[in-house]
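Asks: Using my numbering, the first residue of the sequence shown is number 1, and each one after it goes up by one. By construction, the Cβ of each residue, glycine as well, lies at the ideal position given by its N, Cα and C atoms.
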Amino acid sequence: MYTSFFGLNDVPFSIAPNPDYLFLGDRHKEALAHLTYGLGDTGGFVLLTGEVGTGKTTLSRRLLEQLPENTQVAFILNPTLSCLELLATICDELKVRYKKTGTTLKYLTDKIQQKLLSNQSNDINTLLIIDEAQHLQPEVLEQLRLLTNLETNTKKLLQVVLIGQPELQQLLQRRDLRQLAQRITARYHLLPLTRAEVAEYIKHRLTVADCHRPLFNDGAIALIHKISKGIPRLINLLCDRALATAYGRNDSIVTRKVVLIASQQALGSEYHLTPWWQNKKIIAVSVAANLIILLGAAYLLGSNYQVNESKIVSDKSEASEQLVVTTTNTELIAASPEHILKNNDLPSGNVIEPEVSHDKLAGNIESLEKSSPADARAQTRNVLSDPTTHSATKATLEIDTTPAIQAQQDQDIAFEVSQVDGVSDDLLAKFQQAIDETQDLPVSNALENEQQEIPSLLDMPSHIQNRVPALQFEVHIFATDGNGWVRVNGRERYEGDVLAGRVVLNKITPDTVILALDGEQFSLPALSSW
1 MYTSFFGLND VPFSIAPNPD YLFLGDRHKE ALAHLTYGLG DTGGFVLLTG
51 EVGTGKTTLS RRLLEQLPEN TQVAFILNPT LSCLELLATI CDELKVRYKK
101 TGTTLKYLTD KIQQKLLSNQ SNDINTLLII DEAQHLQPEV LEQLRLLTNL
151 ETNTKKLLQV VLIGQPELQQ LLQRRDLRQL AQRITARYHL LPLTRAEVAE
201 YIKHRLTVAD CHRPLFNDGA IALIHKISKG IPRLINLLCD RALATAYGRN
251 DSIVTRKVVL IASQQALGSE YHLTPWWQNK KIIAVSVAAN LIILLGAAYL
301 LGSNYQVNES KIVSDKSEAS EQLVVTTTNT ELIAASPEHI LKNNDLPSGN
351 VIEPEVSHDK LAGNIESLEK SSPADARAQT RNVLSDPTTH SATKATLEID
401 TTPAIQAQQD QDIAFEVSQV DGVSDDLLAK FQQAIDETQD LPVSNALENE
451 QQEIPSLLDM PSHIQNRVPA LQFEVHIFAT DGNGWVRVNG RERYEGDVLA
501 GRVVLNKITP DTVILALDGE QFSLPALSSW
């Protein structure tokens, strides 16, 4: 064994939950504080989630050590139970006597409630901890909620801690479990260790094993963090195999190369780091980039042999004037069509003199006078664009066919108060004055807006989703007095605070957070990531 080779008095990186090797980083201490807060005077449900191997079970055992002496705990490690089996297991953990055959849900529920009332009268707190709670069936969770209905005026008689993987959060978002989700007083999502915490974690376990010199260099620690992604269980597997590999190679220090060899032996291909020159994605991107470069070079070379030819049609630039219909005077048009063409500022140069067909113009103008204003505008354009009317290259004809539009005013509804027997004229006058002062005010839709359901961010348009920055909710504390708070992206935020960018935290509900971005409101589930 490598312990004597490295001067260790114990195996420092065993995956067994040895309390002597308990490492509490900043995240674990914070999680422990939130669990303790959630189990305060009011009680209820507390939720602790995290990926596999992040230390949830170890943290729960540390929580048991810090509980007051007047606390009776029921710890369930195997939650794949039916409702009847769950109640029977709770009775076993709380030392409740019950008949083993012919039991019913009501019988076991009554027994548990009698125990809770007995503990309450003896000033004993009752705590139920369920590990791997993501395996609980929805009907079992509902049965748990029914157990917590027993309460006094100030607290719940049964406090429940649910510990599980992130799938537990998704399970609690079911519509049939919304009542349970609203009873969760504290939520915490345990994140993996950071690069600095991994170094402290390795040093801590080596120190407990009576080793006071570094056995892993910086390159090895960095690679361990990268491969394990900061998960303590994987760190233990990697470090244990790395020490054994270094012992076999007669190396006194674990290097990056040793960690690479150990990762293949301990974790298999799932966590093996592929060299960049063997990465299929990198190879595909490189081939695509080279292909684009070759195509671009071919295009540039081919363009050098192209001859650009242009044919000069005229040395006369187009006139900048546009046909603008601004003034209508059909009598002037009918009387003197030549006058229209003479008043146009036609540019000098290669311009052909207009040859006006007076008969055609007069006929078109006569039909224009009989048409509606909209038709007159269209017919005016037709008259000017008809090649048989005139053949001028450019002409600016100013005709206004816009009719005088009579303004329409809204008719406001006037309310008048009628004389009623028994009501004084002074009171009627005040009532009429109140109506007159508030008649023009807009009708408030506050009640209607409150009843509208806030849409999820996933249901918002893509242009809204793309503007929402990355959000990582780690803690969710709901309070009925509006003093709840969340930890997002490593910082504590309260209602009304800006989370990131222009995203504002509008409201904290028991199972969601309501956010706003430039006036658009949307929601995200508690302890979710975006």
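1) Just to confirm the assignment, what range does the alpha helix (DSSP H) spanning residue 34 have?
2) What first and last residue would you give for the alpha helix (DSSP H) that runs through residue 230?
3) Which class does residue 507 belong to by DSSP, given the choice of helix, strand or coil?
4) Going along the chain, which residues of its own chain have a beta-carbon closer than 6 Å to the beta-carbon of residue 87, five neighbours each way excluded?
5) Any C-beta of chain D sitting closer than 8 Å to the C-beta of residue 226?
6) For a test of the three-state rule: what should DSSP assign to residue 189, helix, strand or coil?
7) Have a look at 113, 526, 165, 298 and flag the residue whose alpha-carbon is nearest the alpha-carbon of residue 152.
8) Report yes if the CB atom of residue 495 is closer than 8 Å to the CB atom of residue 487, and no otherwise.
9) For residue 156, which three-state DSSP category applies?
10) Label residue 373 either buried or exposed according to how many other C-beta atoms from any shown protein chain fall within 10 Å of its C-beta, with 16 as the threshold for buried.
11) Can you tell me the Cβ-Cβ gap for residue 49 and residue 166, rounded? I've got them flagged as a contact below 8 Å.
12) Let me know the secondary structure DSSP gives residue 487 once reduced to three states.
13) Assign residue 236 to buried or exposed, taking buried as 16 or more other Cβ atoms, counted over all protein chains shown, within 10 Å of its Cβ.
14) Restricting to runs no shorter than 4 residues, where is the alpha helix (DSSP H) found entirely within the region 173–219?
15) Just to confirm before moving on: does the CB-CB distance between residue 144 and residue 161 stay below 8 Å?
16) Can you pull the DSSP bridge partners for residue 516?
17) Between the Cα of residue 92 and the Cα atoms of 1, 76, 220, 458, which residue gives the shortest distance?
18) Counting pairs of Cβ atoms below 8 Å between the region 453–469 and the region 173–184, do you hit three or more?
19) Is it the case that the Cβ atoms of residue 181 and residue 172 are separated by a distance below 8 Å?
20) Measuring only the C-alpha atoms, how far is residue 458 from residue 529?
21) Taking all protein chains shown into account, do 16 or more other C-beta atoms lie within 10 angstroms of the C-beta of residue 146, making it buried, or fewer, making it exposed?
22) Taking residue 234 as the reference, give the member of 268, 208, 213 with the closest Cα.
23) Looking at the strands, I want to know which residues DSSP matches up with residue 537.
24) Which residue wins for smallest C-alpha separation from residue 516, given the options 509, 526, 505?
25) Looking at the structure shown, is residue 7 part of a helix, part of a strand, or coil, going by DSSP?
26) May I ask you to report which of helix, strand or coil DSSP gives residue 137?
27) I'd like the span of the beta strand (DSSP E) that includes residue 531, first residue to last.
28) When the Cα of residue 163 is compared with those of 79, 300, 500, which residue comes out closest?
29) Let me know the secondary structure DSSP gives residue 170 once reduced to three states.
30) Can we say the region 214–230 touches the region 507–514, given the rule of at least three CB pairs closer than 8 Å?
31) Would you say residue 89 and residue 125 are within 8 Å of each other, going by their C-beta atoms?
32) Between which two residues does the beta strand (DSSP E) holding residue 49 run?
33) Could you tell me the boundaries of the alpha helix (DSSP H) in which residue 63 lies?
34) Going by C-alpha to C-alpha distance, which of 265, 256, 250 sits closest to residue 219?
35) Along the chain, which unbroken stretches of the alpha helix (DSSP H) at least 4 residues long are found entirely within the region 70–118?
36) Classify residue 503: buried if its beta carbon has 16 or more other beta carbons within 10 angstroms, exposed otherwise.
Replies: According to the structure shown:
1) In the DSSP annotation of this structure, the continuous segment of the alpha helix (DSSP H) that includes residue 34 starts and ends at 26–38.
2) No alpha helix (DSSP H) contains residue 230, which DSSP labels as neither H nor E.
3) In this structure, residue 507 counts as strand in the three-state DSSP scheme.
4) These residues qualify, in order along the chain: 108.
5) Considering every chain present, this structure includes no chain D. It has just one protein chain.
6) Residue 189 falls in the strand class under three-state DSSP.
7) Residue 113 is the option with its Cα nearest to residue 152.
8) Inclusion of residue 495 and residue 487 in the CB contact set at 8 Å is not warranted, their separation being larger than that value.
9) Residue state for residue 156 is assigned as strand, using DSSP reduced to three classes.
10) The predicted model places residue 373 with a pLDDT of 47, which falls under 50 and marks its position as unreliable; any figure quoted below should be read in that light. Residue 373 comes out exposed.
11) Cβ atoms of residue 49 and residue 166 come within 8 Å of each other, at about 6 Å.
12) Of the three classes helix, strand and coil, the one that applies to residue 487 here is strand, per DSSP.
13) Counting the other Cβ atoms within 10 Å of the Cβ of residue 236 gives 16 or more, which makes it buried.
14) Here the runs fully enclosed are 178–181, 195–208.
15) No, Cβ-Cβ distance for residue 144 and residue 161 is not below 8 Å.
16) According to DSSP, which records beta bridges pairwise, residue 516 is partnered with 504, 521.
17) Residue 92 has its Cα closest to that of 76, out of 1, 76, 220, 458.
18) Contact between the region 453–469 and the region 173–184 is absent, because fewer than three Cβ pairs lie under 8 Å.
19) Note that the C-beta distance between residue 181 and residue 172 is below 8 Å.
20) Inter-residue distance for residue 458 and residue 529 is about 12 Å (C-alpha atoms, whole angstroms).
21) If you draw a 10 Å sphere on the C-beta of residue 146, you find fewer than 16 other C-beta atoms in it, and that means exposed.
22) Measuring C-alpha to C-alpha distances from residue 234 to each of 268, 208, 213 identifies 268 as the nearest.
23) Here the chain comprises residues numbered 1 to 530, so residue 537 is not present and cannot be evaluated.
24) When each option's Cα is compared against that of residue 516, the closest is 505.
25) Residue 7 falls in the coil class under three-state DSSP.
26) Coil, per DSSP.
27) Since the first residue shown for the chain is 1 and the last is 530, residue 531 is missing from the structure and cannot be characterised.
28) The residue with the shortest Cα to Cα distance from residue 163 is 79.
29) In the three-state reduction of the DSSP assignment, residue 170 falls in the helix class, which pools H, G and I.
30) As far as the Cβ criterion goes, the region 214–230 does not touch the region 507–514, which means the pair count is below three.
31) No, the Cβ-Cβ distance between residue 89 and residue 125 is not below 8 Å.
32) Going by DSSP, residue 49 is part of the beta strand (DSSP E) stretching over 45–50.
33) That run of the alpha helix (DSSP H) goes 56–66.
34) Looking at the Cα atoms, 256 is the closest of the given residues.
35) Here the runs fully enclosed are 83–93.
36) If you draw a 10 Å sphere on the C-beta of residue 503, you find 16 or more other C-beta atoms in it, and that means buried.
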